[in-house]
Each structure stands twice: as C-alpha cells, then as structure tokens.
Amino acid sequence: MKPHRFLVYFLSLTLCYCAAVAQKVDKVIKMSAYKSYYSYEVKNPLYVTYTLSKGGGDCDRKGFSFRKCDEDTAGDSDYAGTGYDKGHLANAEDFAYDCALDKETFCYYNCVPQTIKLNRGIWKQWETEVRKLSQSKPVFVIAGAIYSDKLLKPGHQVVKPDYCYKIVVDPPTHAIIYCLLFPNDDSGDVQQLSLTELKNKLPYPLVP
C-alpha cells in the first residue's frame, strides 16, 4: 500500500462534513502498527488508520495494559469508577502475530471509552469479521469515534463518544467494503450506511 494513494482518495471524502460540534486533529502520531489522529479537546483519538493483512496470531497479552503515551493523553484515573471499558480502535488481536506491534495498541492514543456491551459485544464481533476478511486480502481500516460534549467523568477532560465507527476499504480499488456506525450504548446495534451518510455525521474531516 502506498500512503499517498489513500491521501488523494480520502481528501476527496472531506469536502462535506458536519461541523455542529467542530473538532480538529491536534496531533498525528505514527506508530508502527497504526496512525492516530488525536484531539486535545476530547482527550482521545478522533480516529486511527491501519493496514491489516492476515491479522491474528498467538501473542500472549496477559501482561499488557493501557499506558499513557505522553502527558497529554488520558490515563487510568480518567476511567476509574466510570463503568466504561478502554476500547481499542486498532484492535489488539489484529497484530497478535507480532507482540511488539500488539503492545503498541495498548496506548491511550488508540483508546476511547466504550460501554462494556459495545466493546465486548458487537464491536468485537466486527473486529473478528474484519480480521477474517484480512486472511484473503489486505484491507485498509479507519476506526474512530463521534463526540459531543459528554464528559466521561466529572472533573476530568476525557469526553465519551456518542458513536464509534469502522470503515473498511479495499486498497487496490478504493471500494468501501464496510461502513459501520455503532451507538456507544447498551443496545448492541450497528448500522450499515454509506460513506456520504457517515461523513455528514462527522464534526471533523478524515485525512489519513
């Protein structure tokens, strides 16, 4: 995959987006496993991007836990007592073929607050589905969140998403394989929608 090909493609996707609650990427962090587009306003990633090919493996993650990647990210205290999971955007098991890459996913640059039912339910099911797809062909994944102004915890700066989403792209053709929207609640719902419909819900542009 050549990154500039996706840059041209995704710039074309950002001509129209909803700015009701304008947010912006303050920092782009290029990790070995994924790229994170981080916002200081919500103290979370807006989204991450990565290429997945034959994801999965047997890395033992028992000793892994989320860590602060710098002083501006969320931390354990932001989540303590909230009842929310620390949800991966770039899925850990996708990189289980390499423990170093797998460990990178346990960084708050890759973490958003998700309800337990979302994180361990329908979100996980679709992570598995995308990983299965990657066994037959590489895919480009964009996973992100849509925020309003709901704080995860009083007195803290981390904002909890109203929705999470996942876009799966076929790299050679740029065709959208899946475009999915997940309410960050206990409903277990997922909506398949067009890319245009998703863009219209985003208060920020997608620029890989």
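Taking the numbering used here, the leading residue of the sequence shown gets 381, the next gets one more, and so forth. Think of the CB as a built atom: it goes at the ideal place given N, C-alpha and C, for glycine as much as any other residue.
Would a C-beta distance cut-off of 8 Å place residue i and residue j closer than the cut-off?
| i | j | result |
| --- | --- | --- |
| E484 | M411 | yes |
| A476 | Y430 | no |
| I409 | S419 | no |
| N490 | Y414 | yes |
| W503 | F562 | yes |
| G501 | G568 | yes |
| V492 | F520 | no |
| L575 | C559 | yes |
Output the distance between the C-alpha atoms of residue i and residue j, rounded to the nearest integer angstrom.
| i | j | result |
| --- | --- | --- |
| S433 | T462 | 35 Å |
| L532 | L481 | 28 Å |
| T342 | I557 | As shown, the chain starts at 381 and ends at 588. That puts residue 342 outside it, with no answer to give. |
| E577 | E507 | 22 Å |
| F486 | L573 | 29 Å |
| Q515 | D465 | 28 Å |
| P552 | P534 | 46 Å |
| K497 | Q571 | 16 Å |
| I522 | K448 | 22 Å |
| N424 | K579 | 19 Å |
| D438 | E509 | 18 Å |
| R511 | K517 | 10 Å |
| R441 | D565 | 27 Å |
| L387 | L586 | Interpretation of L387 is limited by its pLDDT of 42, a score under 50 that renders its predicted location unreliable; the figure taken from the coordinates is listed afterwards. Roughly 10 Å separates the two Cα atoms. |
| F446 | C479 | 14 Å |
| V405 | G524 | 12 Å |
Between which two residues does the beta strand (DSSP E) containing residue i stretch?
| i | result |
| --- | --- |
| D569 | No beta strand (DSSP E) contains D569, which DSSP labels as neither H nor E. |
| K546 | V539 to D550 |
| D616 | A question about residue 616 goes unanswered here, because the residues of the chain that appear run from 381 up to 588. |
| Y527 | V519 to L531 |
| Y417 | K415 to S419 |
| I558 | Note on residue identity: the sequence assigns Tyr, not Ile, to residue 558. Where Y558 is concerned, the enclosing beta strand (DSSP E) stretches over A555 to P563. |
Between which two residues does the alpha helix (DSSP H) carrying residue i extend?
| i | result |
| --- | --- |
| Q403 | Counting along the chain, Q403 falls outside any alpha helix (DSSP H), and DSSP gives it neither H nor E. |
| A483 | A small correction: the amino acid at residue 483 is Lys; Ala does not occupy that position in the sequence shown. Per DSSP, K483 belongs to the alpha helix (DSSP H) from C479 to E484. |
| T576 | L575 to K579 |
| Q505 | I502 to L513 |
| Y459 | D456 to Y459 |
Check the C-beta distance from residue i over to residue j and give it rounded, since I have them as a contact under 8 Å.
| i | j | result |
| --- | --- | --- |
| G467 | Q494 | 3 Å |
| K530 | V539 | 6 Å |
| Y584 | L426 | 6 Å |
| Y488 | Q403 | Contact flag wrong, Cβ pair sits at about 17 Å. |
| D458 | H536 | 5 Å |
Under 7 Å from any heavy atom of the ligand ATP, does the C-beta of residue i make it?
| i | result |
| --- | --- |
| K448 | No copy of the ligand ATP appears in this structure; indeed no ligand is present at all. |
Can you check DSSP and say which residues form a bridge with residue i?
| i | result |
| --- | --- |
| T429 | K415 and I522 |
| N499 | Paired residue(s): none; N499 is not in a bridge. |
| G467 | V492 |
| K410 | K415 |
| C487 | R447 |
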